[in-house]
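First residue of the sequence shown: 1, per this note's numbering; consecutive thereafter.
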Amino acid sequence: MTAPLSLETFQSMFNGNTKNKSYSAHNGKVHSIAWNVDGSRLGSGSVDKSVCIFAYDKGSMERFYREHTEEVDQLSWHPILPFELATASGDRLVKIFDTRTDRSISTIETKGENINIAWSPDGNMLSVGNKDDLITFIDTRTSKIIREEQFKYEVNEISWDRTGDLFAVTTGNGTVVFFDAHCLSKDKQLEEIHSLSAHTGNCICLEFDVSGKYFAVGAADASASIWDCEQLVCLTVLTRLEWAVRSLSFGCNSQLLALASEDTYIEIAHVETGERVLALKCEAQTFAVSWHPKANVLAYVTDDDRDAGTVRLFGLID
Numbered sequence: 001m002t003a004p005l006s007l008e009t010f011q012s013m014f015n016g017n018t019k020n021k022s023y024s025a026h027n028g029k030v031h032s033i034a035w036n037v038d039g040s041r042l043g044s045g046s047v048d049k050s051v052c053i054f055a056y057d058k059g060s061m062e063r064f065y066r067e068h069t070e071e072v073d074q075l076s077w078h079p080i081l082p083f084e085l086a087t088a089s090g091d092r093l094v095k096i097f098d099t100r101t102d103r104s105i106s107t108i109e110t111k112g113e114n115i116n117i118a119w120s121p122d123g124n125m126l127s128v129g130n131k132d133d134l135i136t137f138i139d140t141r142t143s144k145i146i147r148e149e150q151f152k153y154e155v156n157e158i159s160w161d162r163t164g165d166l167f168a169v170t171t172g173n174g175t176v177v178f179f180d181a182h183c184l185s186k187d188k189q190l191e192e193i194h195s196l197s198a199h200t201g202n203c204i205c206l207e208f209d210v211s212g213k214y215f216a217v218g219a220a221d222a223s224a225s226i227w228d229c230e231q232l233v234c235l236t237v238l239t240r241l242e243w244a245v246r247s248l249s250f251g252c253n254s255q256l257l258a259l260a261s262e263d264t265y266i267e268i269a270h271v272e273t274g275e276r277v278l279a280l281k282c283e284a285q286t287f288a289v290s291w292h293p294k295a296n297v298l299a300y301v302t303d304d305d306r307d308a309g310t311v312r313l314f315g316l317i318d
């Protein structure tokens, strides 16, 4: 891992020598953005039912897919293969794309309107959450549903930890619940391992950093918490926002955390100290944020009607 940089170093970096870039491709608001594993591609999903793929080195759109019949609520890249992407949509379909081609390579029909999707660390399984708190698990090697879990409480963002040993869900009860991920591919009851009381409000979003050291939770109480993965203890809570945290993302070296909310700025915090690096001003509330996996470049999308369908990049070096 890169040697840690100080808060002051990051503040100086972002306050002088960076520029912005915008990609316009969608006809409606963008709800999800994500970089692929090597940072060569940026994917976006929109309420206009489309998926766009942008080539980072060329600075232009590379692929445009319109295969869903309802809005694309979330997309997720394969953790190992840089060209494979999965999407979750309100049309009850999960699609897997090989972005080197013009069409999806697999379609899986599920039971409800899908809103969340995540890959297992080995790329062999997808988890898909819908509006009825049902999580569907798909074996990506066969494109078959292997398990469904119906929850009795509100389930929001879902994710495996970096080891693949734990499967985590954020809930409407303000908790993060961890399950034994090894149960998922077996005919065995899903076993709860830990339940953390993380926030006073609905826990909305969740991300594990690339190093496996931290995870962060964003909540409806307008705060985000940073946790130690091994000890499952809270290290710090970020409370400078006034509205619910919709999306969050760790930087490439696990030293920065970006928070998206209905506030008209993006909070960029220093993970080690919890201090503010920058309040990145926006023209409207922010839907989603995603740091580049190898550079201090942040992709984000806002709710600005004047530029609906636009994906923005911040942090590019002049």
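Just so it is clear, CB atoms sit at the ideal spot from N, CA and C, and this is done for glycine as well. Quick caveat, the model's predicted, so the values are computed rather than measured.
As a quick exercise: from the options, pick the residue whose alpha carbon is nearest that of residue i.
| i | options | result |
| --- | --- | --- |
| residue 64 | 13, 102 and 262 | 102 |
| residue 276 | 259, 170, 247 and 157 | 259 |
| residue 173 | 200, 159 and 165 | 200 |
| residue 161 | 153, 170 and 154 | 170 |
| residue 227 | 246, 242 and 207 | 207 |
| residue 139 | 184, 192 and 294 | 184 |
| residue 245 | 204, 271, 300 and 135 | 204 |
| residue 202 | 144, 214, 124 and 224 | 224 |
| residue 241 | 250, 20, 130 and 281 | 281 |
| residue 137 | 167, 153 and 265 | 167 |
| residue 9 | 121, 99 and 269 | 269 |
| residue 81 | 66, 213, 262 and 121 | 121 |
| residue 191 | 149, 156, 197 and 153 | 149 |
| residue 67 | 86, 264, 238 and 154 | 86 |
| residue 32 | 41, 38, 84 and 76 | 76 |
| residue 25 | 48, 40, 165 and 41 | 48 |
| residue 21 | 303, 298 and 304 | 298 |
| residue 130 | 74, 98 and 44 | 74 |
| residue 132 | 38, 233 and 151 | 151 |
| residue 119 | 88, 250 and 105 | 88 |
Can you check DSSP and say which residues form a bridge with residue i?
| i | result |
| --- | --- |
| residue 168 | 159 and 178 |
| residue 262 | Partner(s): none; residue 262 has no beta bridge. |
| residue 87 | 75 and 95 |
| residue 299 | 290 and 313 |
| residue 236 | 226 |
| residue 270 | 256 |
| residue 109 | 93 |
| residue 139 | 125 and 144 |
| residue 281 | 265 |
| residue 241 | According to DSSP, residue 241 bridges with nothing at all. |
| residue 80 | Paired residues: none, contrary to the question. |
| residue 276 | 269 |
| residue 173 | Partner(s): none; residue 173 has no beta bridge. |
| residue 247 | 260 |
| residue 134 | 150 |
| residue 104 | 97 |
Quick one: does the C-beta of residue i sit closer than 7 Å to a heavy atom of the ligand FMN?
| i | result |
| --- | --- |
| residue 67 | Ligands in the displayed structure: none, and consequently the ligand FMN is not present. |
From which residue to which residue does the beta strand (DSSP E) around residue i run?
| i | result |
| --- | --- |
| residue 150 | 144 to 150 |
| residue 46 | 41 to 46 |
| residue 65 | 60 to 65 |
| residue 35 | 30 to 35 |
| residue 23 | 18 to 24 |
| residue 114 | 114 to 119 |
| residue 327 | With the chain covering 1 to 318 only, the question about residue 327 has no answer from this structure. |
Are any of the Cβ atoms in chain C nearer than 8 Å to that of residue i?
| i | result |
| --- | --- |
| residue 46 | As a matter of chain content, chain C is missing from the structure shown, which is built from one protein chain. |
By the DSSP assignment, the alpha helix (DSSP H) with residue i in it spans what residues?
| i | result |
| --- | --- |
| residue 8 | 7 to 14 |
At a cut of 8 Å, does the stretch 85 to 95 reach the stretch 114 to 122 through at least three beta carbon pairs? Yes: the two stretches touch, three or more of their Cβ pairs being nearer than 8 Å.
Inside the stretch 190 to 232 only - beta strand (DSSP E) runs reaching at least 3 residues: Counting whole runs of 3 or more residues, the stretch 190 to 232 contains the beta strand (DSSP E) stretches 192 to 197, 203 to 208, 214 to 219 and 224 to 228.
Are the stretch 47 to 62 and the stretch 7 to 19 in contact at 8 Å, needing three or more beta carbon pairs? Inter-segment contact for the stretch 47 to 62 and the stretch 7 to 19 is absent: fewer than three beta-carbon pairs are separated by less than 8 Å.
For the stretch 206 to 221 against the stretch 178 to 189, do three or more pairs of beta-carbon atoms, one drawn from each stretch, fall closer than 8 Å, so that the two count as touching? By the criterion of at least three beta-carbon pairs nearer than 8 Å, the stretch 206 to 221 is not in contact with the stretch 178 to 189.
Check whether the stretch 151 to 165 touches the stretch 121 to 137, counting contact only when three or more Cβ pairs, one atom from each stretch, lie closer than 8 Å. Yes, since at least three Cβ pairs between the stretch 151 to 165 and the stretch 121 to 137 fall closer than 8 Å, the two stretches touch.
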